[in-house]
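Enquirer: So in full-length UniProt numbering, the last one in the sequence shown is 168, and the numbering has no gaps at all.
The beta carbon of each residue, even a glycine, is placed where N, CA and C say it ideally should be.
Mind looking over this structure? Questions follow.
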Amino acid sequence: MTGSHTLQATEKAIEDRLAGMQIDTGAMWAVSNLYRATTSIRNHLEQTVLRDTGLTWTGFVVLWVVWIWGDIETRHAAAESGISKATLTGVVKTLESYRYVQRARHESDGRRVVLSMTRSGKKMMENLFPAFNRQEAYVVRGLSDVQRKELAASLRVIVEQLEEPDRD
Numbered sequence: 001m002t003g004s005h006t007l008q009a010t011e012k013a014i015e016d017r018l019a020g021m022q023i024d025t026g027a028m029w030a031v032s033n034l035y036r037a038t039t040s041i042r043n044h045l046e047q048t049v050l051r052d053t054g055l056t057w058t059g060f061v062v063l064w065v066v067w068i069w070g071d072i073e074t075r076h077a078a079a080e081s082g083i084s085k086a087t088l089t090g091v092v093k094t095l096e097s098y099r100y101v102q103r104a105r106h107e108s109d110g111r112r113v114v115l116s117m118t119r120s121g122k123k124m125m126e127n128l129f130p131a132f133n134r135q136e137a138y139v140v141r142g143l144s145d146v147q148r149k150e151l152a153a154s155l156r157v158i159v160e161q162l163e164e165p166d167r168d
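Written out as structure tokens, the structure reads:
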């Protein structure tokens, strides 16, 4: 029978299952805990600050990307958001229905589409992001300023390594 297990119980079960295997347990624990942390953080933010907005995590990320970068082609918005163009299409339809973003044809190439933030989208982000950031602070409240900086730097190294074109 399966169900929700504590982190400690999960780690013990994994150690038992993998006993005797030649694996890099340090890498496994780092990636496993990174995955669990990001899932927990996403769930927390969706259940707190995003709950009453009608935005999903992905919708928020796309809105954030357009807010930060301004007018942006859909292919770049998808890449910056870490989602496929097909997923972006559905998300943009929802954001358009809320009147947070709008689509327009690229001025020099009608086959390309550009996303722009509307006035109500800007207002939404200006009001939402401070609350979002308060929850970000809540998530890392157990870390010192030095630990926060070290964590951010370590994660940046991982991201930059995976973004390199010649990776294995």
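On the CB-based measure, 16 or more other CB atoms within 10 Å of its CB, does residue 72 come out buried or exposed?
Expert: Buried, by the Cβ-count rule.
Enquirer: With a Cβ-Cβ cutoff of 9 Å, do residue 118 and residue 100 count as a contact?
Expert: For residue 118 and residue 100, yes; Cβs fall inside 9 Å.
Enquirer: Go ahead and pull the three-state DSSP assignment for residue 144.
Expert: coil
Enquirer: Assign residue 59 to one of two classes, buried (16 or more other C-beta atoms within 10 Å of its C-beta) or exposed (fewer than that).
Expert: buried
Enquirer: Just to confirm the assignment, what range does the beta strand (DSSP E) spanning residue 115 have?
Expert: Counting along the chain, the beta strand (DSSP E) containing residue 115 begins and ends at 113 to 117.
Enquirer: Between residue 122 and the rest of its own chain, which residues show a CB-CB distance below 8 Å, the 5 nearest in sequence each way excluded?
Expert: Excluding its 5 nearest sequence neighbours in each direction, residue 122 has C-beta neighbours in its own chain below 8 Å: 67, listed in chain order.
Enquirer: With distances taken Cα to Cα, identify the nearest neighbour of residue 65 among 92, 54, 145, 98.
Expert: 92
Enquirer: Can you tell me which of the three DSSP states residue 73 falls into?
Expert: Looking at residue 73 - three-state DSSP - the assignment turns out to be strand.
Enquirer: Could you give the C-beta distance for residue 135 and residue 48, rounded to a whole number, given that I count them as a contact under 8 Å?
Expert: Contact between residue 135 and residue 48 holds: CB atoms are separated by about 5 Å, below the 8 Å threshold.
Enquirer: Quick one: grab the DSSP three-state call for residue 134.
Expert: helix
Enquirer: If you measure between the beta carbons of residue 128 and residue 10, is that distance less than 9 Å?
Expert: no
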